[in-house]
Amino acid sequence: MCGRFTVIKSKEELEKRFGAKVSKNQYQKRYNAAPSQELPVITNSAPKLVQFYKWGLIPFWAKDKNIGYRLINAKAETITQKPSFRNAIKERRCLVCADGYYEWKNTKEGKIPYRISLKGDELFAFAGIWEVWSSSEGQRINSFSIITVESNEQVKGIHQRMPVILTPEEENIWIGNTPLFKALDLLRPYTFDELSIKQVSRLVNSVKNDSEEILEVDET
0 MCGRFTVIKS
10 KEELEKRFGA
20 KVSKNQYQKR
30 YNAAPSQELP
40 VITNSAPKLV
50 QFYKWGLIPF
60 WAKDKNIGYR
70 LINAKAETIT
80 QKPSFRNAIK
90 ERRCLVCADG
100 YYEWKNTKEG
110 KIPYRISLKG
120 DELFAFAGIW
130 EVWSSSEGQR
140 INSFSIITVE
150 SNEQVKGIHQ
160 RMPVILTPEE
170 ENIWIGNTPL
180 FKALDLLRPY
190 TFDELSIKQV
200 SRLVNSVKND
210 SEEILEVDET
């Protein structure tokens with residue numbers, strides 16, 4: 000799964016990397032991006048704009064918006080079958096902007112957190128899906144979910160699943176006018192280059208912590 004990630008590059012770096020305009024007033028660096036927060040995405044309906052959607056997909060038919068807390072990830076293997084995801088994967092695909100994500104390894108000493116990123120620590124995109132939900136009172140929420148697959152050999156020692164990391168070429172296909180069967184072909188473990196895996200501080204365990212100190216290894 001993917002339950003936390005980072006996007007700590009500047010607004011200007013995001014704009015250059017994705018060729019999309021970022022709203023300066025909305026963007027803030029996230030060292031500990033967490034579910035329910037509004038985070039940067041690029042949707043197939045607005046490929047030149049970085050928007051901020053709530054992490055935790057709320058299906059358009061949901062009666063309770065809190066269902067989103069249970070839908071932060073969508074398994075690639077069942078995404079076309081699950082009622083919560085099967086419409087979105089066909090019509091509403093998005094890029095989730097990031098530069099790393101966290102995963103926890105079970106050890107005898109407890110769970111140890113690691114940050115997983117590209118070797119050069121550059122920006123990349125997770126494959127995501129998005130929805131628009133409206134309440135009976137007229138409240139409107141844009142939300143998204145990150146798609147996961149079985150981990151590659153490098154990550155498998157930490158966790159059995161990982162988010163789908165797209166290459167720049169695949170990003171255009173994912174949010175382009177692409178038939179579903181071709182888009183589904185992109186949902187596979189990242190194997191193009193070695194990933195960087197570094198232990199980080201247990202400060203990441205609390206969503207209240209969102210600072211650079213998270214990236215430092217605990218001394219104890």
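Okay, so the sequence shown: first residue is 0 according to numbering that gives the first Met the number 0, each after it adds one.
Beta carbons: idealized from backbone N, C-alpha and C, even for Gly.
What residue from 40, 191, 112 and 114 has the CA that sits closest to residue 56's CA?
-> 40
Contacts around residue 31, its chain only, beta-carbon distance under 7 Å, and the 5 residues preceding and following it disregarded = 3, 203, 206, 208, 209 and 213
Alpha-carbon spacing of residue 200 relative to residue 215, whole angstroms | 5 Å
Kindly indicate which residue of 164, 64, 6 and 90 has the alpha-carbon position closest to the one of residue 180.
-> 90
Following the continuous beta strand (DSSP E) through residue 112, name the residue where it begins and the one where it ends.
-> 109 to 117
Provide the residue span of the beta strand (DSSP E) that contains residue 16, from first to last.
-> Not the beta strand (DSSP E): residue 16 falls in the alpha helix (DSSP H), residues 10 to 17.
Inter-residue spacing [alpha-carbon to alpha-carbon] between residue 12 and residue 27 | 13 Å
For residue 159, is the classification buried or exposed, using 16 other Cβ atoms within 10 angstroms of its Cβ as the cut-off for buried?
-> exposed
If you compare alpha carbons, which of 124, 190, 80 and 145 is closest to residue 155?
-> 190
Mind checking whether residue 115 and residue 127 have CB atoms under 8 Å apart?
-> no
Whole-angstrom Cβ separation of residue 38 and residue 59, contact assumed at under 8 Å?
-> About 20 Å; that fails the 8 Å criterion.
How would you label residue 98, buried or exposed, when you count the other beta carbons within 10 angstroms and need 16 or more for buried?
-> buried
Counted within 10 angstroms of its Cβ, other Cβ atoms place residue 29 as buried (16 or more) or exposed = buried
Cα separation between residue 20 and residue 48?
-> 5 Å
Rounded C-alpha distance that separates residue 143 from residue 6 | 16 Å
Per DSSP, residue 92 forms a beta bridge with which residues?
-> 128
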